[in-house]
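Here's the structure, in structure tokens; my notes come after.
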Amino acid sequence: MAEQLSRTHPLEAWLPAFAELSGAVRISAEPFVPMTVLRADPATAGDVRIRGAALPTAPGSWASAGAGWLIWLGPDEWLLTGPGAAPEALEEELRTLLRPVGGSAADVSAQRIGIRLGGPRARQVLAKGCSIDLHPRVFTPGQSAQTTLGQAGVLLLALGEDEFAVLVRSSFGGYLASWLLDASLEYAAPALTS
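Going left to right, the sequence shown walks through residues 294 to 487 as my numbering numbers them.
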């Protein structure tokens with residue numbers, strides 16, 4: 294009888310190093326979730342609701358969609374992430390939902406992995422390798438950006454004041470995990486007192 298393959302996270306080897314970081318910076322690997330790219334004309338898809346959320350129309354924004362995110366990628370393109378149905382079933386469900394408005398859906402679950410970064414020094418870590426303005430008055434919760442982080446193309450989401458999600462191409466996941474750990478080193482040691 295054939296053995297079943299079990300899914301392992303691409304960042305499994307980095308998990309012990311993530312766990313050793315101090316509270317000033319926290320890094321964790323997001324669990325695998327289905328991801329689907331949606332395409333539709335916003336003029337005709339304005340009333341479409343996906344997992345209870347309307348399609349975000351403001352550039353660089355995202356909305357909670359059930360337990361996942363609905364992220365604006367372009368004027369007629371969004372990324373839906375989150376647990377739930379199997380990727381193939383979700384893709385078919387979304388195609389059925391978008392077909393009446395001329396939209397489409399494509400499963401891209403294996404394309405990206407998620408890394409969660411948080412803590413009072415998270416913005417400083419990101420700023421070491423990201424050229425966008427990450428000041429709390431500029432990059433606020435509910436915003437997203439397609440940018441580079443340490444030379445890897447990423448989708449960056451501001452989840453809270455000091456909480457971020459980084460979606461990176463799976464093939465760059467290990468590189469970015471190592472880069473984030475290195476960028477966090479100065480905040481990992483206990484503060485010296487005189």
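Where is the CB? At the ideal position from N, CA and C, for every residue including glycine.
Please read these numbers as outputs of a predicted model, since none were measured by experiment.
Legend entry - Sequence-distant residues of its chain with Cβ nearer than 8 Å to residue 355 (five each side left out): 349, 362, 363, 364, 365, 435, 436, 437 and 450
Legend entry - Alpha-carbon spacing of residue 464 relative to residue 307, whole angstroms: 14 Å
Inset, instruction - Figure out for me which residue from 323, 299, 370 and 298 has the closest Cα to the Cα of residue 409. - result: Check the Cα spacing between residue 409 and each of 323, 299, 370 and 298: the tightest is with 323.
Inset, instruction - Could you confirm whether any beta carbon from chain B is found closer than 8 Å to the beta carbon of residue 301? - result: Here chain B cannot be found, since the structure has a single protein chain.
Inset, instruction - Tell me, please, which residues DSSP counts as bridged to residue 357. - result: Looking at the DSSP assignment, residue 357 forms a beta bridge with 362.
Inset, instruction - Could you tell me whether the segment 383–391 touches the segment 415–423, using the rule of 3 or more Cβ pairs below 8 Å? - result: no
Inset, instruction - Specify the secondary structure class of residue 350 as computed by DSSP and reduced to three states. - result: If DSSP states are grouped into helix, strand and coil, residue 350 belongs with coil.
Inset, instruction - Report yes or no: do the segment 314–321 and the segment 334–342 share at least 3 C-beta pairs separated by less than 8 Å? - result: no
Inset, instruction - Would you mind working out which of 377, 428, 406 and 432 sits nearest residue 469, comparing C-alpha positions? - result: 406
Inset, instruction - Report yes if the CB atom of residue 404 is closer than 8 Å to the CB atom of residue 342, and no otherwise. - result: no
Legend entry - With 16 other Cβ atoms within 10 Å as the buried cut-off, status of residue 466: buried
Legend entry - Whole-Å CB distance - residue 310 paired with residue 478, under 8 Å assumed: About 11 Å; that fails the 8 Å criterion.
Legend entry - Cβ pair residue 402, residue 376 closer than 8 Å: no
Legend entry - Per DSSP, cross-strand counterpart(s) of residue 441: As a beta-bridge residue in DSSP terms, residue 441 pairs with 446.
Legend entry - Length at least 3, wholly inside the segment 301–334: the beta strand (DSSP E) runs in chain order: Correct list: 319–322 and 328–332.
Inset, instruction - Verify whether the separation of the beta carbon atoms of residue 367 and residue 345 is less than 8 Å. - result: At the C-beta level, residue 367 and residue 345 stay beyond 8 Å of one another.
Inset, instruction - Look at residue 372 and residue 330 and say whether their C-beta atoms are less than 8 Å apart. - result: yes
Legend entry - residue 400, buried or exposed, once every other Cβ within 10 Å from all chains shown has been counted against 16: buried
Inset, instruction - Write down the C-beta distance between residue 439 and residue 448 rounded to the nearest angstrom, noting that I regard them as a contact closer than 8 Å. - result: So it is a contact: roughly 6 Å between Cβ atoms.
Legend entry - Distance between residue 458 and residue 431 (C-alpha atoms, nearest Å): Approximately 17 Å between the Cα atoms of the pair.
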